[in-house]
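A.B. asks:
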Amino acid sequence: MRALALALMAAFPTAALSDPVGECGGGSQVEIADCLALQEDAAEQSMQTILGFARASAAELDEITERSVALPALEAAQTAWETYRAAQCDFIGSTYGGGSGTGIAIRSCRIELTRARETELRHTIR
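Mapped onto mature numbering (1 follows the signal peptide of the UniProt record, and there is no 0), the consecutive letters of the sequence shown carry residue numbers -18 to -1, 1 to 108.
1) Are there three or more Cβ pairs, one per stretch, closer than 8 Å when the region 101 to 108 is compared with the region 73 to 88?
2) Report yes if the CB atom of residue 30 is closer than 7 Å to the CB atom of residue 2, and no otherwise.
3) What are the boundary residues of the alpha helix (DSSP H) that residue 44 is part of?
4) Taking only three categories from DSSP, how would you classify residue 3?
5) Secondary structure at residue 107, three-state DSSP: helix, strand or coil?
6) Give a yes or no on whether the C-beta atoms belonging to residue 52 and residue 40 are separated by under 7 Å.
7) Comparing alpha-carbon positions, which option in 44, 69 and 54 lies nearest residue 91?
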């Protein structure tokens, strides 16, 4: 299980944790927004893949220890994290005062937090 997880993690490397807007280069706000949409989809897909491995690892631990603790804890943590991400990124968007950069800021926030969550989840796979 661990070897498979490590092989797949290498296949889905976490993007450099730089500013997502900077990764899109210059261009109009529409072009940046389109680029960020692609980045967000990729970050979410990658995180969901790693979450699947973390779930399998937690389930395997629960089976070995004959307890049902790790998987429910992971699910609770993931739900709490999703709530946090939504609230935090909504807050970031609110600091733009409804201006044209609001959507870009929110999406950039979601990308950054999703990438960070993926890194956290990678550390739980055993």
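Using N, Cα and C, we set each Cβ at its ideal position, and we do this for glycine too. Here the structure is a predicted model, which means the values were calculated and not measured.
C.D. replies: Answer, in terms of the structure:
1) Short answer: they don't touch.
2) No, the Cβ-Cβ distance between residue 30 and residue 2 is not below 7 Å.
3) Run containing residue 44: 11 to 47, per the alpha helix (DSSP H) assignment.
4) Assigned with DSSP and collapsed to three states, residue 3 falls in helix.
5) Residue 107: coil per DSSP, three-state reduction.
6) Yes, the pair counts as a contact, with Cβ atoms nearer than the cut-off.
7) Closest by alpha carbon: 69.
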